[in-house]
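J.:
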Amino acid sequence: MSRDWGLGFSLREINLDIREGEYFVLLGPTAAGKTLLLEMIAGFYAPDQGVIWIGGVEATRLPPEKREVGFVYQDYALFPHLTAGAHVAFGLRLRGRPDAREKADRLLEKLGVTYLAKRRIQTLSGGEQQRVAIARALATEPRVLLLDEPLSSLDLKTQEKTRGMLRRVQRDLGVTVVHVTHNQSEAMVLADRIGVIMDGELIQVGPPSEVFTRPLTRKAAEFLGVENILPGRIVSSREGIAVIDLDGTEVQVVTHLKDGPVEVFIRPEDIILSDNPISTSARNLLTSEVVEVNVEGALARVFLERGITALITRRSAEEMEIRPGRRLFATFKATAPHVIPRDGGDF
Amino acid sequence: MRPKGFYIWMGAAGSILLLFSFVTIFNMIFTQFLDPMGLLGAITDSSVLASIWLTIYASILATLIAVVSGTPLAYILARKEFPGKRLVESLVDLPLIVPHTVAGIALLMVFGSHGLIGQFSPVRFVDALPGIVVAMLFVSSPFFINSAREGFQSVDPRLEWVARTLGADPWTAFLRVSLPLASRHILVGAIMSWARGISEFGAVIVIAYYPMIAPTLIWDRFLTTGLKASAPISVLLILICMTIFVSLRILARGDQS
Chain A
1 MSRDWGLGFS LREINLDIRE GEYFVLLGPT AAGKTLLLEM IAGFYAPDQG VIWIGGVEAT
61 RLPPEKREVG FVYQDYALFP HLTAGAHVAF GLRLRGRPDA REKADRLLEK LGVTYLAKRR
121 IQTLSGGEQQ RVAIARALAT EPRVLLLDEP LSSLDLKTQE KTRGMLRRVQ RDLGVTVVHV
181 THNQSEAMVL ADRIGVIMDG ELIQVGPPSE VFTRPLTRKA AEFLGVENIL PGRIVSSREG
241 IAVIDLDGTE VQVVTHLKDG PVEVFIRPED IILSDNPIST SARNLLTSEV VEVNVEGALA
301 RVFLERGITA LITRRSAEEM EIRPGRRLFA TFKATAPHVI PRDGGDF
Chain B
1001 MRPKGFYIWM GAAGSILLLF SFVTIFNMIF TQFLDPMGLL GAITDSSVLA SIWLTIYASI
1061 LATLIAVVSG TPLAYILARK EFPGKRLVES LVDLPLIVPH TVAGIALLMV FGSHGLIGQF
1121 SPVRFVDALP GIVVAMLFVS SPFFINSARE GFQSVDPRLE WVARTLGADP WTAFLRVSLP
1181 LASRHILVGA IMSWARGISE FGAVIVIAYY PMIAPTLIWD RFLTTGLKAS APISVLLILI
1241 CMTIFVSLRI LARGDQS
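Line order of the protein sequences matches chains A and B.
Sequential numbering from 1 applies to the first sequence in our numbering.
Sequential numbering from 1001 applies to the second sequence in our numbering.
1) For W53/A, write down the residues that DSSP places opposite it in a beta bridge.
2) What did DSSP end up calling G1131/B once you bin it into helix, strand or coil?
3) Mapping the DSSP letters down to three states, classify F1125/B as helix, strand or coil.
4) Could you give the residue range of the alpha helix (DSSP H) that holds Y1057/B?
5) What is the DSSP secondary structure of T1243/B, reduced to helix, strand or coil?
6) Where do the N-terminal and C-terminal ends of the alpha helix (DSSP H) with G1084/B fall, by residue?
7) Write down the C-beta distance between A89/A and A100/A rounded to the nearest angstrom, noting that I regard them as a contact closer than 8 Å.
8) Are the Cβ atoms of A1190/B and T1063/B separated by less than 8 Å?
9) Mind checking if G70/A is an interface residue toward chain B, Cβ cutoff 8 Å exclusive?
10) So within the region 257-340 of chain A, which uninterrupted beta strand (DSSP E) runs reach at least 3 residues, ignoring any that extend past its ends?
11) Measure the Cβ-Cβ separation of L1077/B and E1089/B and say whether it is below 8 Å.
12) Cα-Cα, which of K103/A, L273/A, L38/A and I241/A is closest to L323/A?
13) Nearest to E201/A by alpha carbon, out of F212/A, S288/A, T217/A and P208/A?
14) What residues from the region 1160-1187 of chain B come within 9 Å of chain A, judged by C-beta to C-beta, listed N to C?
15) For N1027/B, count neighbouring Cβ atoms within 10 angstroms of its own Cβ and tell me buried if that reaches 16, exposed if not.
16) Where DSSP assigns a beta bridge to E250/A, which residues make up the other side?
17) Would you mind stating whether P29/A and M40/A have Cβ atoms separated by less than 8 Å?
18) I want to see whether chain B comes within less than 8 Å of R119/A, judged by CB atoms only; does it?
19) Checking contacts by CB at 8 Å: is R1253/B closer than that to chain A?
20) Could you please tell me which residues of the region 42-60 of chain A, in chain order, have their CB closer than 8 Å to any CB of chain B?
21) Between G126/A and L154/A, how many whole angstroms is the CB-CB distance? I'm expecting something under 8 Å.
22) So, with DSSP's three-state summary, where would you put T176/A?
23) If contact means a Cβ-Cβ distance below 7 Å, which residues of the region 90-107 of chain A contact chain B?
24) Does the beta carbon of R1124/B come closer than 8 Å to any beta carbon on chain A?
25) At 4 residues or longer, what runs of the alpha helix (DSSP H) sit wholly inside the region 186-216 of chain A?
26) Along chain A, which residues have their Cβ under 8 Å away from the Cβ of D1156/B?
27) How is the alpha helix (DSSP H) around S1193/B delimited, first residue to last?
28) At a cut of 8 Å, does the region 263-270 of chain A reach the region 225-235 of chain A through at least three beta carbon pairs?
29) Residues of chain B with a CB under 7 Å from the CB of T140/A: which are they?
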């Protein structure tokens, strides 16, 4: 489906099949269109073209109240005039459920916040507000729970606790979750599958292990933390191992590609730095000069010439006396890089 | 150092306006208190009491109409973008700049016996309660609509969206979420609109000199008998309206907390 919002933003040809009962994370940078996609699933906006199916029902033209979805916004969008208990009972009362109150209490109990029932939401902490928002959304037993950056307004410690809570609740209730975030570790921990979305386009869908190690495009690779993106050309290929010319140096890489211009993605933690050429099972050795060293807590990021970045511990950097101007050897295994075809031959 | 002098100067300049209003109103009240018999005379004059009651009552009717029709209008103005919205907004504010005598004449041309609507209407507007109500409604509606619109604008539309996912249709979402959250603005708007209706004179006398509302009666007494006859009625009207106005404002505030 597609929708053009004018003002230069649109969601383009989103083709996405989310499985029943799965925890699906939509991962993308700010302003990628994640929230808008979520709001279209909920029915707050209609697509210009295309269709939305929810649980075997064509929902494209259904109003939000007929879609059986629950929605939790980043800032929770709680009702300022209601107590926490009334929030949870809100949807149940609309359905005329006589046991609305008791069911609401049970849900608050499940989320460990029974004591909040009579409190007005202005008096709640961020974490408590979030639980109320989740309980409110789950009360009506939706088919799909839509979470818009549910963790990003919480402090780090509450975030960790809440991750566990989200997964537990999702498994217990068997509800399908679509969780939007820009946070990679959040996606890695929570997701059954991840959809990477950038500039209104769904770039890649797959399990976390695949998405993070095998990004499909250069932009996705950059966003997902692949810091070494090296242009090259396949010189020869045998038994699934290609020899690639990286700006004058030949390296061996495992890839199904046979020829042509390529881009080689290597995560910075997969690069080993040494003073001397070392003899290991790793098949690739590049020499390069250190440009800059950035210490980041216990880690150090070493920027080398030719656009190579390596992530090593700060202690290694200190013991090897790595500083700008030093010539080093950068080693990586043939299985470390991920190779994609590159448009056009020039680099 | 600077803030102190700054606020003293700002306060000094601002107090000119404050004193102006205060002196004008309370001078009249205090002067009248020196002549309690005059005030007593006004209180016991049945035509005075009838006119004050008529003023309050007619303005309540005008406000009710403003609330019933103005609330949906305010909601649409707060939530929707549509071609011609600027024009509609200007139309809402138009009564604020039209001189009141002009408003009265315009109303007469619509609701008068030979007017656009008046000629077909079974209800008589000229020199009758309905005429007073339409005149008050015309001048007071912007106060209500603008306040109610601000109220709806202050409600995040996403609250309604979330209510929709919980099973509320658009009507229920409006009644359960937006309306209660805008209620204070709506109440304040209604009070302002009611107060504005009471204070209207120019538009009313053109379409309905009789039955006399209090401002008309005061004008009439002033012309026929002079200041001494009109001042006690003015003070009485001011005291009654101030009491109601202040109590309603307190009520509206209490509603929020």
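Where is the CB? At the ideal position from N, CA and C, for every residue including glycine.
T.: If we stick to the structure as given:
1) E58/A
2) helix
3) coil
4) S1046 to R1079
5) helix
6) That residue, G1084/B, is in no alpha helix (DSSP H); it is neither H nor E in DSSP.
7) 4 Å
8) yes
9) yes
10) 260-266, 272-274, 284-296, 299-304, 308-313 and 327-332
11) yes
12) The amino acid occupying residue 323/A in the given sequence is Arg; Leu does not appear at that position. Answer by Cα proximity: L273/A.
13) T217/A
14) W1161, V1162, A1163, R1164, T1165, L1166, G1167, A1168, D1169, P1170, T1172, A1173, R1176, V1177, P1180, L1181 and S1183
15) exposed
16) D245/A
17) no
18) no
19) no
20) A42, G43 and F44
21) 6 Å
22) strand
23) F90, G91, L94 and R95
24) no
25) 208-213
26) A77
27) L1179 to I1198
28) yes
29) L1166 and G1167
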